[in-house]
Structures are given as C-alpha cells and as structure tokens.
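Visitor: Residue numbers (the working numbering): 2 to 528. Quick reminder that beta carbons are idealized off the backbone N, C-alpha and C, glycines included.
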Amino acid sequence: MNVRDAFYEVLRAHGIRTIFGNPGSNELPLLSNLPADFQYIHALQEGAAIGMADGYARALGQPALVNLHAAAGTGNAMGNLTNTQAGHVPVIVTSGQQARRYAALGALLTNVDAPTLARPLVKWSNEPLRAEDVPHALSRGILLATSAPSGPVYLSLPLDDWDHDVDPGALSQLEIRAVHGDPVLAEPSLALIRSRLAAASNPVMILGSGTDDAAGWDGAAWLAENLALPVFVAPSPSRCPFPTRHPNYRGILPSDIPGVASALDGHDLAMAFGTAIFRYHVFADGDYLPAGTELWTVTSDPDEAARAPVGRALIGNPSDALSRLADTTPSGERAPLAALARPRPLDKPGPAFSAEAIIDALDAAKDESTVIAHEWTSVDTTWDRFDLSRPGSLFFPDAGALGWGLPAAIGLQLGDPSRRVLAVLGDGALHYTVSAFWTAAHYRVPVVFVVARNREYAALKNFAQVMQFGRVPALDLPDIDVTHIAGGYGIPATRVTSLTQLTTAVKEALSADGPRLVEVPQQRLST
C-alpha cells in the first residue's frame, strides 16, 4: 500500500470522509482519483474553506479536514484559523508542499519552513521527515486535535510523498489507535465547589462557550434553579450556553474590566464554567473584581486557567462538572429568582430598522431547532433577544476575525442537516469570504443568509465613540448591491422593505430546499 491509500485509511478509521479545500498543483497527487466514499467540498478561496471545515466540525462534534495550497493558501486561511484556534475546534489543516528535492532548492510554491507558518495558531505543526511518516503524522494530528483542550493542527505534505510504500503492519496499528483525552474534575475538587457554593451568601454563575452542550445546559439549569443563582454569559461570547428566556438569565457581561466588576458588585462568589477569565475587548482601566467578590472557574484549558489575572481555577471538563454538581448538590433555601422583564418585540416603520427590531423579526421567523451563524458584529451583545432554548443554537467568530460567518454557516448546515441554519451577517463582514456563496449554490446547501445593510462599519464607529477618537477614515462602505452579488453566484435573493416582509421571507426561505438571501435595511449609526 502506498502513502496516499494509507492516508485515506487513517481518515476512515477516524470517521473523516469529507475534505474541504481549494486545490492547487501541490495538492493534485492527493486528490487524484478521490476514493468514492469521500466527498470534496470545493471552496473558491482558502479562508472560506477553513470556515466551512470549522462550522462542520462544530455541528458534527467530530474533527474535520481542510486541504490548503502551500504557503499562499495557508496565509489566505489564517484569518479564519484564528477563530478555529480560539474556539478549540478540532480541524486538521493540511497543505501541499513542493516536491522534497525542489523544496530544498526553494523552487516555486515551496512552503519555506512550513511548520513555522501556522505554529502560533495550532496545537501542533509538522512536516514529516520521511514520506513513510505521513500516515503516522496524520494519526498523531487527529488524536492531538481531539484531545482536551481540542483545537486545530497543521500538516505540510510534500507532493512527491504519495506513491511511496508504507509498512502494512504499522498502518494496521494506526487504524486502531485511540486517545481518550478528556480530563474531568476529581471528586475533591467538586467538593470544594459544593462547599463554597453552600457558604456563599449571594453567589452568581457565569457560563462560557465551553458548556454549550446538553450536559452543560442541563447541569447549569439545575444549579441555577435549585440554588437560585443568577446566570450571566461571559464577555465576548461565541456561543449561547444557557436558555435566553430562563428566569435566572441575567444577560451578557460587558467586555471591559470595570464593566464586569460593576456587574458582579454585591456577589461574594462568582462561579464560572467553560470560559476564559475574561475575554475583554474594550480597553478601560479598573479593578478586575469588586471588593469582597471571590472568583472560581472550571475550564478544560490549562492555558486559560494560567493566564487568568484573578481567581482560582480547576482543570477539567466544565460541562461534566456542571452535570455532576447537579446530581450531588443539595437544593438551597434561597427564594426562586423572578425573570427579568423581556423587551417587547419591536415593529417600527422603515425605511431602515434598528438592530433590535431586525432581531425580533428574525426571531419570529425561526423555530427552536434553528441554528444561528452570527457575524453581525455591531450587535454582538444583543443576540440574546433571540429565544434560544437548545444547545448549539448560536455561533459567533471566537477571535473576532471577519469572514467566518458565511462559510461557517455552510459547514454548520452540512454537519447537521437536521437543523436549518440562519446566517445573520453585516454587510461589511459579508465581503471577506463572499465567494462562499458559490459553494452554497453549487452544493445546494440550504442556508438562509440575512444581510443587514447599513453601508458602514458600524462596530468600528461604535468603538470610535466609546474610545473618544476623532474622525476615522474608511468606516463607510460604498453602495454595493448585495442581492445582485448573491444572484451572480446562483443564490436567489430578495430585498425587503418592512419587518413583516422580513419575517415572511425568512420563514419561506427556511422551508426551501436550497440557499436563499434576504437583505434588510438597517439604521446607520451616523449619516
């Protein structure tokens, strides 16, 4: 058996049969005569390819593979790779290298010092020393990517390796290898949490992206209800870890140091699960915590624990910890919390609409199974106007790198066809990976794209005001016809002029059998 066949055997052993990519000459030997049990999802640009693989891995709950082209393709992908890394998403990133003899000469399409290129953004980066080592490197990469804390890995693969023979005995061992790498909290650590919760007079719970699964949701809901805990979502969230209509839900924490401290004032204990402490964004000086507040956190990432400037950290699966605490923690004696007053749905006349009104109209169109791929960055702290009642219902770019939402929505839909995906995009973010429309149209991936058109980078204008900057150039977008762009890629598109039309159009699109785009005018921050 040769290296190429062994490569696919290792992928099969791990249940990976989909490859996302944009092929170049270095990758042709791997892709030639693709095995019939594999599918290749073609993206027109590498940033879109890795965004699709990222979304696919999140939806499927398994590693995904993306194939890039040498250094240039890897460079195109690295913007979105920041989101994959920050989100702990197990993506196997492969790139084609020039032939070994030519690479030594620095020939065209040589990826110079290939492992160094992606190293800051991956758990492991490697170019095998021998052709025969490619299957082992792939196996090692998959096992590392899926071990806690999960994350991407990078492999550079020379184009003349694929026809070399491999050792059948060594391959048979690779096919049965497994690493069970999901550490959990020891019982004494759980006992510390239970005792500290019991002793606290006014505790609060903070949840992050690391608990957005069934165990995390169920465990957090039980603790919140039975201990009367108010629940905040950690700053700069990339997922929704708690039902937004739950009576104990108290919203998203601010993304600045004094804002978090102010929100936690009066609580003697803040117990956090599945979040870095904390993902601040807007710079402002101040104390991390109010006087008298003690912070504890459970995270699966030792680096997140070590770099936190305050608090005590316990290393282990945070959703597992919540589930076990729910099974073993006695109910408290505090009175149940009353739900916060929910904002009334807005239905105002146009010609342009507020972000809140647009969200309300979209909320009326979706159902509880809808998955939202959110890259409308100017409203990143108001997505909780959506009624979200199931795990895995909202995804936002973890590192804030634009160009993720459109391709990630396609990957999310391919990874879990049972749940329809609604991509909510700003008109600025849309254009970073606009070519992903072609993939959606070509494979008839039934994502509904909603583009809020305000003709500006509203998020940056907001920041300029908050940070008291003067006039900043390049924050306005020229007139761009989004519906014609989508139509040019083969996606039926419409422009609505009322919120009622928006709800109706999105409902109809969610029941269609292919992709659709709806553009809605959004109020500008300034004229």
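Just to confirm, is the Cβ distance from GLY88 to SER239 under 7 Å?
Guide: In contact: GLY88 and SER239 (Cβ atoms closer than 7 Å).
Visitor: I think PRO516 touches PHE450, with their Cβ atoms under 8 Å apart; what is that distance to the nearest whole Å?
Guide: Contact holds; Cβ gap of about 7 Å.
Visitor: Could you please give me the residues that DSSP links to MET272 through a beta bridge?
Guide: Bridge partners of MET272: MET206 and TRP297.
Visitor: State the DSSP-derived secondary structure class of TYR41, mapped to helix, strand or coil.
Guide: Note: TYR41 maps to strand in three-state DSSP.
Visitor: I need the DSSP call for GLN523, collapsed to helix, strand or coil.
Guide: Three-state DSSP puts GLN523 in a strand.
Visitor: How far does the alpha helix (DSSP H) with LEU158 in it reach, from first residue to last?
Guide: First-last for LEU158: 154 to 159, but that is the beta strand (DSSP E), not the alpha helix (DSSP H).
Visitor: Please name the residue, chosen from ALA264, ASP257 and VAL261, that lies closest to PRO283 on a Cα-to-Cα basis.
Guide: Just to set this straight, residue 283 is Val in the shown sequence, not Pro. The residue with the shortest Cα to Cα distance from VAL283 is ASP257.
Visitor: Note down the Cα distance separating PRO447 from ILE411, rounded to an integer number of angstroms.
Guide: Taking the straight line from one Cα to the other gives about 8 Å.
Visitor: Contact between the region 167 to 185 and the region 99 to 118: three or more CB pairs below 8 Å?
Guide: In short, these stretches do not touch, since the Cβ pair count stays below three.
Visitor: Based on the DSSP output, what are the partners of LEU69 in its beta bridges?
Guide: Partner(s): SER96.
Visitor: Buried or exposed: ARG472, going by 16 or more other Cβ atoms within 10 Å of its Cβ?
Guide: It is exposed - the Cβ of ARG472 has fewer than 16 other Cβ atoms within 10 Å.
Visitor: Less than 7 Å between the beta carbons of PHE21 and MET53, yes or no?
Guide: Taking 7 Å as the Cβ cut-off, PHE21 and MET53 qualify as a contacting pair.
Visitor: Kindly indicate which three-state DSSP category ASN318 falls into: helix, strand or coil?
Guide: Reduced to three states, the DSSP call for ASN318 is coil.
Visitor: Whole beta strand (DSSP E) runs in the region 77 to 129 with 3 or more residues, listed along the chain?
Guide: The qualifying runs are 92 to 98.
Visitor: Report, in whole angstroms, the separation of the C-beta atoms of LEU395 and LEU389, which I expect to be a contact under 8 Å.
Guide: Going by Cβ atoms, the distance from LEU395 to LEU389 rounds to 6 Å, so yes, they are a contact pair.
Visitor: Is the beta carbon of GLY275 less than 7 Å from the beta carbon of THR329?
Guide: For GLY275 and THR329, no; Cβs fall outside 7 Å.
Visitor: How big is the Cα-Cα spacing for LEU158 and ALA409?
Guide: The straight-line gap from Cα to Cα measures roughly 25 Å.
Visitor: May I ask you to report which of helix, strand or coil DSSP gives ILE17?
Guide: It is coil, neither helix nor strand.
Visitor: Leaving out the 5 sequence neighbours to the left and right, which residues in its chain are closer than 6 Å to ALA400 when beta-carbon positions are compared?
Guide: Same-chain partners within the cutoff: THR83, ASN84 and ALA87.
Visitor: So the beta strand (DSSP E) ILE373 belongs to, where does it begin and stop?
Guide: Residues 372 to 376.
Visitor: Taking the beta carbon of HIS375 as the centre, do at least 16 other beta carbons fall within 10 Å, making it buried, or is it exposed?
Guide: Buried is the call here.
Visitor: Would you kindly report the start and end of the unbroken alpha helix (DSSP H) that includes ILE51?
Guide: First-last of the alpha helix (DSSP H) with ILE51: 47 to 61.
Visitor: Pull the bridge partners of LEU518 from the DSSP assignment, please.
Guide: Its beta-bridge partners are PHE450 and ALA494.
Visitor: Are there 16 or more other CB atoms within 10 angstroms of the CB of PRO331, so buried, or fewer, so exposed?
Guide: Exposed, by the Cβ-count rule.
Visitor: Name the two residues that bound the continuous beta strand (DSSP E) containing ALA430.
Guide: Taken as a continuous stretch (DSSP letters only), ALA430 belongs to no beta strand (DSSP E), as it is neither H nor E.
Visitor: Return the Cβ separation of ILE93 and GLY142 in integer angstroms, given the expectation that the two are a contact with Cβ distance under 8 Å.
Guide: That pair is a contact at about 6 Å.
Visitor: Could you tell me which whole beta strand (DSSP E) segments of length 3 or greater appear in the region 347 to 420?
Guide: Listed in chain order, they are 372 to 376.
Visitor: Could you check how far apart the C-beta atoms of ALA235 and ARG280 are, in whole angstroms? I think they sit under 8 Å.
Guide: About 7 Å; that satisfies the 8 Å criterion.
Visitor: Leaving out five residues on either side along the sequence, give the residues of the same chain with a beta carbon under 7 Å from the beta carbon of LEU265.
Guide: Answer for LEU265: VAL205, ALA271, LEU290, PRO291 and THR294, listed in chain order.
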